[in-house]
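One structure below.
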Amino acid sequence: MATQQGTPSSALRVLEEALGMGVSAAGDTAEAVAAEGAYYLEQVTITEASEDDYEYEEIPDDNYSIPEGEEDLAKAVQMVQEQATDTQILERKTVFSPKHTVPEAIEDFLCNFLIKMGMTRTLDCFQSEWYELIQKGITELRDGGIVPDVYTQNMLLENENKILKKDLKHYKQAADKAREDLLKTQKERDFHRMHHKRIVQEKNKLINDLKRLKLHYASYEPAIRVLHEKHHALLKQKMLTSLERDRAIGQISGLQETLKHMEIGHGYHAPEFRVVPACRKENAPEGPTQKGLREAREQSKCKAKAKANTKVWFLFPLIHA
């Protein structure tokens, strides 16, 4: 119990020592301000010493025994009451003492205000004159009074408002940048979408053209098949003609040999039939009969080519259409 009563007095003693140190250090503070420049005063909260750090010694119940020889009723009742009181004290919850906030002094408030407004010369004049009065003893540090809590709250709210305004400005800049990025992304999306639509249209057009050409070529397959058959028939006829020509040449050669043998045996000179190669025929002079046959053959070939070209030109415009 003595410890609990001495705790508030010790807290008051600490507070008085702190205030005394503040008065004695006033001159040093003025010199430090003049040497180092402006500084901010920080608000400090001084709390009373709590009883949480005090260690209570718990006494077991077995120690409470009534000594022999003194078993009177009054002592027994007194010991039971003391035991009950100690039990209640041990079971009582620890109650935290409320924190007492020390308001800001007027001179600190003025210094903070001048520093905040950037009035350094006014601050230097105020501090030099104020601490000079304190050192001369004309005024005391405690006589200045304290600033009401509403001003402190207003300053805190104003600082918080400035911080929030800075955050708001930062968020606005981030939102503007995000809006620009969004517009740029939307433009790129629209461009790629239009490009994709154009490619899809070209693809569909090419697919339709391919289908139409497949149908068009499918309609020419019978004509192409007929031309292939005619081509094979002409090749076959050409082969047969070449075989007949070779056979006729062989027969003519045999007849010439027979005529030679007959001329040798009877002394008769028969006209000689010779097979002239094609290269010699071209260089040899042509007679009127051979010339007429050649012209008739060329005319028939030209007519056949003209018919074939007419058929081909009839097919190609349809293919290109």
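In terms of the working numbering, the sequence shown is residues 81 to 401.
We put the CB at the ideal spot given by N, CA and C, even for glycine.
Everything numeric in this text was worked out from a predicted model, so none of it was measured.
Going by other Cβ atoms of all chains shown within 10 Å of its Cβ, with 16 needed for buried, is Q207 buried or exposed? Position 127 of the sequence shown, counting from 1, holds the residue named residue 207. Counting Cβ neighbours within 10 Å, Q207 comes out buried, since at least 16 surround it.
In whole angstroms, what is the alpha-carbon distance linking K277 and L290? Within the sequence shown, residue 277 is the residue found at index 197, counting from 1. Within the sequence shown, residue 290 is the residue found at index 210, counting from 1. Each residue's Cα considered, the two are about 20 Å apart.
Using 10 angstroms around the beta-carbon of F189, count the other beta-carbons present and answer buried if the total reaches 16, otherwise exposed. What you label residue 189 is simply residue 109 of the sequence shown in a count that begins at 1. Its Cβ being crowded by 16 or more others within 10 Å, F189 is buried.
Can you tell me where the alpha helix (DSSP H) with I218 in it begins and where it stops? Position 138 of the sequence shown, counted from the start, is the residue given in the question as residue 218. Counting along the chain, I218 falls outside any alpha helix (DSSP H), and DSSP gives it neither H nor E.
What's the gap between the Cα of V157 and the Cα of L170? Translated into the one-based positions of the sequence shown, residue 157 becomes position 77. Translated into the one-based positions of the sequence shown, residue 170 becomes position 90. Note on geometry: alpha-carbon atoms of V157 and L170 lie some 20 Å from one another.
Give me the Cα-Cα distance between Q266 and R259, rounded to the nearest whole angstrom. As a first step, residue 266 must be located in the sequence shown, where it is residue number 186. As a first step, residue 259 must be located in the sequence shown, where it is residue number 179. Linking Q266 to R259 through their CA atoms gives a straight-line distance of about 10 Å.
What is the residue span of the alpha helix (DSSP H) that M197 lies within? Your numbering for residue 197 matches position 117 in the sequence shown. Looking at the DSSP string, the run of the alpha helix (DSSP H) that includes M197 is I186 to M197.
Would you call K264 buried or exposed, if buried means 16 or more other Cβ atoms sit within 10 Å of its Cβ? One-based indexing of the sequence shown puts residue 264 at position 184. Taking all protein chains shown into account, K264 has fewer than 16 neighbouring C-beta atoms within 10 Å of its C-beta and is therefore exposed.
May I have the straight-line CA-CA distance separating K381 from L295, to the nearest angstrom? Against the sequence shown, residue 381 aligns to sequence position 301. Against the sequence shown, residue 295 aligns to sequence position 215. For K381 and L295, the distance between alpha carbons rounds to 35 Å.
Helix, strand or coil at C382 [DSSP, three-state]: If you number the sequence shown from 1, residue 382 lands on position 302. Taken through DSSP and simplified to helix, strand or coil, C382 comes out as helix.
Inter-residue Cα distance where the pair is E324 and I332: Translated into the one-based positions of the sequence shown, residue 324 becomes position 244. Translated into the one-based positions of the sequence shown, residue 332 becomes position 252. Near 12 Å, if we compare the C-alpha coordinates of I332 and E324.
Count the other CB atoms, across all protein chains shown, that sit within 10 Å of the CB of C191; report buried if there are 16 or more and exposed otherwise. Numbered from its first residue, the sequence shown carries residue 191 at position 111. With 16 or more other CB atoms across the displayed protein chains lying within 10 angstroms of its CB, C191 is buried.
Do you know how far the Cα of I329 is from the Cα of L335? Here residue 335 is taken as the residue at index 255 of the sequence shown, counted from 1. Here residue 329 is taken as the residue at index 249 of the sequence shown, counted from 1. Each residue's Cα considered, the two are about 10 Å apart.
Through-space distance from A164 to T232, alpha-carbon basis: Translated into the one-based positions of the sequence shown, residue 232 becomes position 152. Translated into the one-based positions of the sequence shown, residue 164 becomes position 84. Taking the straight line joining both Cα atoms gives about 49 Å.
How about L194 and L203: are their beta carbons less than 9 Å apart? Residue mapping note: residue 194 aligns to position 114 of the sequence shown, counting from 1. Residue mapping note: residue 203 aligns to position 123 of the sequence shown, counting from 1. Contact: yes.
Tell me the rounded alpha-carbon separation between A303 and L293. Numbered from 1 along the sequence shown, position 223 holds the residue referred to as residue 303. Numbered from 1 along the sequence shown, position 213 holds the residue referred to as residue 293. For A303 and L293, the gap between their C-alpha atoms comes out near 16 Å.
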